[in-house]
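For the sequence shown, UniProt numbering assigns the number 1 to the initial residue and increments by one for each residue that follows.
Have a look at the structure below, then the notes.
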Amino acid sequence: MDLAAIRDFLGWCALANYAVLLVWFAAFALAHDRLHRLHGRWFSLSRERFDTLHYAGMAFYKIGILLFNLVPFAVLSLMR
Numbered sequence: 001m002d003l004a005a006i007r008d009f010l011g012w013c014a015l016a017n018y019a020v021l022l023v024w025f026a027a028f029a030l031a032h033d034r035l036h037r038l039h040g041r042w043f044s045l046s047r048e049r050f051d052t053l054h055y056a057g058m059a060f061y062k063i064g065i066l067l068f069n070l071v072p073f074a075v076l077s078l079m080r
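So, in structure tokens, the structure goes:
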């Protein structure tokens, strides 16, 4: 596999991961109460704890996208 194919792969992976992050944020923002009730059936989470867990999860996911997709993509793009 050549570097251009790997670079393209990382670019598409970054786009797919940002789409997942966007869907997650949209579901969290638009269906917050329903999600809280759903998770409340399984776990005893306060509203503040629920929000904290989701925001932290989104932050870690975004950092993962940056570290594992965008930085290697940028390095391979600069190597061209």
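Beta carbons are placed, not taken as given, at the ideal position from N, Cα and C, and that holds for glycine.
Item: Between Met79, Gly64, Leu78, which has its C-alpha nearest Ala14's C-alpha?; Value: Gly64
Item: Buried or exposed for Leu10, please, with buried defined as at least 16 other CB atoms from any protein chain shown within 10 angstroms of its CB.; Value: buried
Item: Return the chain-ordered list of same chain residues with a C-beta closer than 7 Å to the C-beta of Asn17, the five sequence neighbours on each side being excluded.; Value: Ile65, Asn69
Item: For Phe25, tell me which candidate among Leu78, Pro72, Val75, Ala56 has the shortest Cα-Cα distance.; Value: Ala56
Item: Beta-carbon separation of Leu76 and Leu3 under 8 Å?; Value: yes
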